[in-house]
Amino acid sequence: MALPQSLRTSVTPLELELIASEQLVEIVPLITMEKTAFISGAYGPLRPPAKCRIPLWMATNLKLKKKCHIVPPEWLSVDFLQERLTRETSRPEFSKLPFRFAEIAKVILDVASDDVQNADKIKSLLKDLREARQAKSRDGLQKLDHSELSLPNLCSMEINEIRPFFIQSMGILTQLVREPSAE
Amino acid sequence: MDNDYFSIDAILAENQKIQCTFKVDIPDMGHLAGGSDRDIKSLTKAPIPIWLAYIMLFSDWADFTIPSPFGTRVRNALKAEPRSVKLSNLVGAGGLWYGFGKMVMDILSEEQANGISEMLTKAFKGRLLEVIDQAQHFAALGPAGGGGPSTDTAQSFREGLDGTERELFALAQESAKRMKRWHEGNDKARR
Numbered sequence: 001m002a003l004p005q006s007l008r009t010s011v012t013p014l015e016l017e018l019i020a021s022e023q024l025v026e027i028v029p030l031i032t033m034e035k036t037a038f039i040s041g042a043y044g045p046l047r048p049p050a051k052c053r054i055p056l057w058m059a060t061n062l063k064l065k066k067k068c069h070i071v072p073p074e075w076l077s078v079d080f081l082q083e084r085l086t087r088e089t090s091r092p093e094f095s096k097l098p099f100r101f102a103e104i105a106k107v108i109l110d111v112a113s114d115d116v117q118n119a120d121k122i123k124s125l126l127k128d129l130r131e132a133r134q135a136k137s138r139d140g141l142q143k144l145d146h147s148e149l150s151l152p153n154l155c156s157m158e159i160n161e162i163r164p165f166f167i168q169s170m171g172i173l174t175q176l177v178r179e180p181s182a183e
Numbered sequence: 001m002d003n004d005y006f007s008i009d010a011i012l013a014e015n016q017k018i019q020c021t022f023k024v025d026i027p028d029m030g031h032l033a034g035g036s037d038r039d040i041k042s043l044t045k046a047p048i049p050i051w052l053a054y055i056m057l058f059s060d061w062a063d064f065t066i067p068s069p070f071g072t073r074v075r076n077a078l079k080a081e082p083r084s085v086k087l088s089n090l091v092g093a094g095g096l097w098y099g100f101g102k103m104v105m106d107i108l109s110e111e112q113a114n115g116i117s118e119m120l121t122k123a124f125k126g127r128l129l130e131v132i133d134q135a136q137h138f139a140a141l142g143p144a145g146g147g148g149p150s151t152d153t154a155q156s157f158r159e160g161l162d163g164t165e166r167e168l169f170a171l172a173q174e175s176a177k178r179m180k181r182w183h184e185g186n187d188k189a190r191r
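Here's what the structure looks like:
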């Protein structure tokens, strides 16, 4: 294969971010634009001050040109994340979060932290959440089995992070374990 | 690890020697055993690489003893604390303890093979968490903190990793580094 070693094991976080940028977010436009057709669909029309749903990549682009405000999704708030963090630390299983929350949160906080209330608090909550979940996937490694692995409520970024070495270790275990039924 | 014809790891693991006892006389092959004798007499002991041992064992020309890296001493040490055994010392530099074990396991009869399999699996599972923990720890340190003060046990555990575990270590470290880079980078300029 011609791919460099680092790209063979899994996709990069940046690629995941790109995929997540297809998701729709709400914005409050500051400019008027007619309904416009893109490859992924037609978005608009933009009529300030009416809210509108457009893909994240487009929102980012407009935001950087100061042509819109991004309305953060309802899960990107201190209350919601605080509640999830409490649940995450008090229960053994992973709590339910949007599948691509890490990517979307990062993009929005990067380009539009002025549109998010308590951006700093949210950042630190996200970090705590990530660490709590990492500790759980570390526990999962202990119970690793050679034939199956279920990842309920794990998010794309987390799956991507553990993918290379989980797969490799499961492959090794498959080699080492002898099925009693064999021969 | 797998027995794929093109797998470099499998070839390297096959190069390990096991102690064989010849059951029959083999004329004119004394030079292979390294001695000055002309023939290999029966009951001579000689270390034979695994790739050669297969045919000799299956043709019933020789018997072999379970090699010491998988003997009782190592087994007991692993049972006591898998993380304190230096696997790399058992099979030489860059050695593949698991790969070698797998090969030995494949030659053995059912019961013994199950024993070895259990030992390998337990050892692997027991050590895996420590391998990944350390990999992530080193990824978090970043490029500057490579030579930080590390405790002796952690250091000697790392030295004792076998080839298979080293690969895992590298994978986990690379993955953690990539995540760290992504989380810390603010690439407003890129957009």
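Chain order of the listed sequences is A and B. Following the UniProt record's numbering, the numbering of the first sequence begins with 1 at its first residue and continues without gaps. Following the UniProt record's numbering, the numbering of the second sequence begins with 1 at its first residue and continues without gaps. C-beta: ideal position from N, C-alpha, C; glycine also. Because the structure is a prediction, the values reported are computed rather than measured.
(message) Between residue 178 of chain B and chain A, is any beta-carbon pair separated by less than 8 Å?
(response) yes
(message) Please classify residue 69 of chain A as buried or exposed, where buried requires at least 16 other C-beta atoms within 10 Å of its C-beta.
(response) buried
(request) Pull out every residue of the region 14-43 of chain B whose Cβ sits closer than 7 Å to any Cβ of chain A, in chain order. (result) none
(request) Measuring only between beta-carbons, confirm whether residue 13 of chain A sits less than 8 Å from chain B. (result) yes
(request) Consider the Cβ of residue 120 of chain A: report whether some Cβ of chain B lies at a distance smaller than 8 Å. (result) Answer no: the Cβ-Cβ gap between residue 120 of chain A and chain B never drops below 8 Å.
(message) By the DSSP assignment, the beta strand (DSSP E) with residue 45 of chain B in it spans what residues?
(response) 45-49
(request) Identify which residue in A:108, A:34, A:140 has its Cα closest to the Cα of residue 170 of chain A. (result) A:140
(message) With a threshold of 8 Å on Cβ separation, who are the neighbours of residue 32 of chain A within its own chain once the five nearest residues in sequence on each side are excluded?
(response) 45, 46, 47, 48
(request) Work out the CA separation of residue 35 of chain A and residue 158 of chain A for me, nearest whole Å. (result) 36 Å
(message) Counting only beta-carbon separations shorter than 8 Å, does residue 98 of chain B have a partner in chain A?
(response) yes
(message) Restricting to Cα atoms, I'd like to know which of B:64, B:131, B:5, B:177 is closest to residue 44 of chain B.
(response) Nearest of B:64, B:131, B:5, B:177 to residue 44 of chain B, Cα basis: B:64.
(request) Check distances from the C-beta atoms of the region 113-131 of chain B to those of chain A and list, in chain order, the residues that come in under 8 Å. (result) So the close ones are 113, 114, 117, 120, 121, 124, 125, 128, 129.
(message) I'd like to know if residue 177 of chain A contacts chain B, where contact means its C-beta is closer than 8 Å to some C-beta of that chain.
(response) yes
(message) According to DSSP, is residue 184 of chain A part of a helix, a strand, or is it coil?
(response) Because chain A here runs from 1 to 183, residue 184 of chain A falls outside it and cannot be looked at.
(request) Please list the partners that residue 186 of chain A has in chain B, where partner means a Cβ-to-Cβ separation under 9 Å. (result) Within the shown structure, residues of chain A are numbered from 1 to 183, placing residue 186 of chain A beyond reach of any answer.
(request) Kindly indicate which three-state DSSP category residue 25 of chain B falls into: helix, strand or coil? (result) Correct three-state label for residue 25 of chain B: coil.
(message) Between B:102, B:111, B:105, B:160, which has its C-alpha nearest residue 127 of chain B's C-alpha?
(response) B:160
(message) Output needed for residue 129 of chain A: all residues of its chain with C-beta closer than 7 Å, excluding positions within five of it in sequence on either side, in chain order.
(response) Shown here for residue 129 of chain A: same chain residues with a beta carbon closer than 7 Å to its own, the five before and five after excluded, namely 81, 84, 85, 88 in chain order.
(message) If distances are taken between C-alpha atoms only, which option among A:79, A:105, A:93, A:66 comes closest to residue 72 of chain A?
(response) A:105
(message) Contact criterion: CB-CB distance below 8 Å. Does residue 102 of chain B meet it with respect to chain A?
(response) yes
(request) Quick one: residues in its chain with C-beta nearer than 7 Å to the C-beta of residue 116 of chain B, no 5 flanking neighbours on either side, listed in chain order? (result) 70, 101, 104, 105, 108
(message) For a contact defined as C-beta to C-beta under 7 Å, what are the partners of residue 168 of chain B on chain A?
(response) Proximity of chain A to residue 168 of chain B at the Cβ level (cut-off 7 Å) is accounted for by 165, 168, 169, in chain order.
(message) Does the structure place the region 175-186 of chain B close enough to the region 12-27 of chain A that three or more beta carbon pairs sit under 8 Å?
(response) yes
(message) Mapping the DSSP letters down to three states, classify residue 26 of chain A as helix, strand or coil.
(response) strand
(request) Look up residue 92 of chain A in the DSSP assignment and say whether it is helix, strand or coil. (result) In the three-state reduction of the DSSP assignment, residue 92 of chain A falls in the coil class.
(request) Provide the residue span of the alpha helix (DSSP H) that contains residue 159 of chain A, from first to last. (result) Note, residue 159 of chain A: alpha helix (DSSP H), 156-176.
(request) Identify whether residue 11 of chain B lies in helix, strand or coil by the three-state DSSP scheme. (result) helix
(request) Give a yes or no on whether the minimum CB-CB distance between residue 19 of chain A and chain B is below 8 Å. (result) Answer no: the Cβ-Cβ gap between residue 19 of chain A and chain B never drops below 8 Å.
(request) Look at the alpha carbon of residue 151 of chain A and the alpha carbon of residue 96 of chain B, and state the distance between them as a whole number of angstroms. (result) 31 Å
(message) Rounded to whole angstroms, what is the Cα-Cα separation between residue 162 of chain B and residue 168 of chain B?
(response) 10 Å
(message) Whole angstroms are fine: how far does the CA of residue 173 of chain A sit from the CA of residue 27 of chain B?
(response) 43 Å
(message) Taking the straight line between their C-alpha atoms, what separation do you get for residue 112 of chain A and residue 91 of chain B?
(response) 56 Å
(message) Across the region 3-10 of chain A and the region 88-103 of chain A, are there enough close Cβ pairs to call them in contact, namely three or more that are closer than 8 Å?
(response) no
(message) For a contact defined as C-beta to C-beta under 7 Å, what are the partners of residue 142 of chain A on chain B?
(response) 129
(request) Measure the C-alpha to C-alpha separation of residue 161 of chain A and residue 155 of chain A and round it to an integer number of angstroms. (result) 10 Å
(request) May I have the straight-line CA-CA distance separating residue 156 of chain B from residue 7 of chain B, to the nearest angstrom? (result) Whole-angstrom Cα-Cα distance: 29 Å.
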